[in-house]
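Following our numbering, the numbering of the sequence shown begins with 0 at its first residue and continues without gaps.
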Amino acid sequence: MSFQTPTPAPAMDAPATVAPRTYHHVNDLTAAQKVALIDIWKAAERAVPGMEMSDAVISKFLTAIFADGWDTYDDSLMAPRLPDRKLEQTSVIAGKFKTDLPNKGNPQELEVRKAGRPAYLKVHVGGPAEALGWLWTDAQGRTANKGYIELIQDEGRLMKKAVLKYDWNETLRVLQYNTQVAIFIARHRILAWSTDGYRSPAKGEDNRWTLFKPLVLASVCCGNIDVWWI
Numbered sequence: 000m001s002f003q004t005p006t007p008a009p010a011m012d013a014p015a016t017v018a019p020r021t022y023h024h025v026n027d028l029t030a031a032q033k034v035a036l037i038d039i040w041k042a043a044e045r046a047v048p049g050m051e052m053s054d055a056v057i058s059k060f061l062t063a064i065f066a067d068g069w070d071t072y073d074d075s076l077m078a079p080r081l082p083d084r085k086l087e088q089t090s091v092i093a094g095k096f097k098t099d100l101p102n103k104g105n106p107q108e109l110e111v112r113k114a115g116r117p118a119y120l121k122v123h124v125g126g127p128a129e130a131l132g133w134l135w136t137d138a139q140g141r142t143a144n145k146g147y148i149e150l151i152q153d154e155g156r157l158m159k160k161a162v163l164k165y166d167w168n169e170t171l172r173v174l175q176y177n178t179q180v181a182i183f184i185a186r187h188r189i190l191a192w193s194t195d196g197y198r199s200p201a202k203g204e205d206n207r208w209t210l211f212k213p214l215v216l217a218s219v220c221c222g223n224i225d226v227w228w229i
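Laid out in structure tokens, this is it:
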């Protein structure tokens with residue numbers, strides 16, 4: 000992914016440059032500096048599918064840069080990490096096991112794989128083709144044979160519910176992470192301004208742009224199926 004750092008025009012009510020100083024709060028920024036930071040988000044929107052956010056959220060982004068007490072005395076910034084998906088974010092309950100699941104000829108010892116325990120349908124999106132995949136699992140994510148499951152609904156309805164759940168949670172997961180990436184880039188810019196003045200560029204910014212992740216929805220991978228009638 001390749002980006003060119005946007006260079007905003009200076010605001011009419013702000014000087015073209017600002018001398019080095021300490022930044023504690025969003026109100027310490029000039030109008031031109033705020034535009035330069037918002038352009039981080041706008042550039043990411045153009046390059047990262049699914050990044051689009053409302054103007055209200057973007058305005059909160061500026062406040063969030065300083066919301067946890069960060070200021071330019073702290074230059075030990077750590078890049079955010081995209082959290083792993085959790086089973087409960089990608090699975091729906093599909094029914095119950097009709098009998099204890101086989102255990103290589105031995106009695107089934109795992110409680111979650113015994114008769115009457117809940118079974119789940121898990122949706123997976125991945126691979127170079129961003130293909131959609133499905134797994135039947137126990138409550139701990141171990142795979143199970145569909146033949147051992149007494150379904151509570153027909154398979155098509157379960158799939159649609161799983162897609163809806165996946166998309167909801169994946170949107171939160173990726174956009175929250177991308178917000179943290181935008182804040183990370185913004186803080187590096189502000190640190191550069193604090194030591195070298197505005198419009199000094201932040202060193203290494205090109206590498207930080209690659210941290211943004213695209214939003215890939217299950218509903219898109221399976222042809223935008225209608226899940227809203229459930």
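Don't be surprised by glycine CBs; every beta carbon is placed ideally from N, CA and C. For clarity, every value in this text was computed on a predicted model and none was experimentally measured.
For GLU149, which residues of its own chain have a beta-carbon under 7 angstroms away from its beta-carbon, when the five flanking residues on both sides are left out?
Residue mapping note: residue 149 aligns to position 150 of the sequence shown, counting from 1. If we look at GLU149 and ignore the five residues flanking it on each side, its Cβ neighbours are GLY94, LYS95, LYS97.
Looking at C-alpha atoms only, which residue of THR89, ARG207, ASN206 is the closest neighbour of ARG172?
Residue numbering aside, residue 172 sits at position 173 when the sequence shown is read from its first letter. Answer by Cα proximity: THR89.
Confirm, please, whether the CB-CB distance from LEU76 to ARG156 is below 9 angstroms.
As a working mapping, residue 156 is identified with position 157 in the sequence shown. As a working mapping, residue 76 is identified with position 77 in the sequence shown. Result no, Cβ atoms of ARG156 and LEU76 do not sit closer than 9 angstroms.
Is it buried or exposed for GLN32, if we count other Cβ within 10 angstroms and need 16 for buried?
If you number the sequence shown from 1, residue 32 lands on position 33. Label assigned to GLN32: buried.
Should LYS202 be labelled buried (16 or more other beta-carbon atoms within 10 Å of its own) or exposed?
The sequence position of residue 202 within the sequence shown is 203, counting from 1. Burial call: exposed.
Under 9 angstroms, do TRP133 and HIS123 count as touching if we go by C-beta distance?
As a first step, residue 133 must be located in the sequence shown, where it is residue number 134. As a first step, residue 123 must be located in the sequence shown, where it is residue number 124. For TRP133 and HIS123, yes; Cβs fall inside 9 angstroms.
In the DSSP output, what is PHE96 paired with across the bridge?
Here residue 96 is taken as the residue at index 97 of the sequence shown, counted from 1. PHE96 pairs with ILE148.
DSSP state of LYS159, grouped into three classes?
Position 160 of the sequence shown, counted from the first residue, corresponds to residue 159. Three-state result, LYS159: helix.
In chain order, which alpha helix (DSSP H) runs of at least 4 residues are fully inside the stretch 108-133?
none
Short Cβ contact (9 angstroms threshold) for LEU100 with LYS113:
Here residue 100 is taken as the residue at index 101 of the sequence shown, counted from 1. Here residue 113 is taken as the residue at index 114 of the sequence shown, counted from 1. Against a cut-off of 9 angstroms, the Cβ pair of LYS113 and LEU100 comes out as a contact.
Report yes if the CB atom of GLU129 is closer than 9 angstroms to the CB atom of CYS220, and no otherwise.
The sequence position of residue 129 within the sequence shown is 130, counting from 1. The sequence position of residue 220 within the sequence shown is 221, counting from 1. Contact: yes.
Whole-angstrom distance between LYS212 and ALA66, CA atom to CA atom
Residue numbering aside, residue 66 sits at position 67 when the sequence shown is read from its first letter. Residue numbering aside, residue 212 sits at position 213 when the sequence shown is read from its first letter. Taking the straight line from one Cα to the other gives about 23 angstroms.
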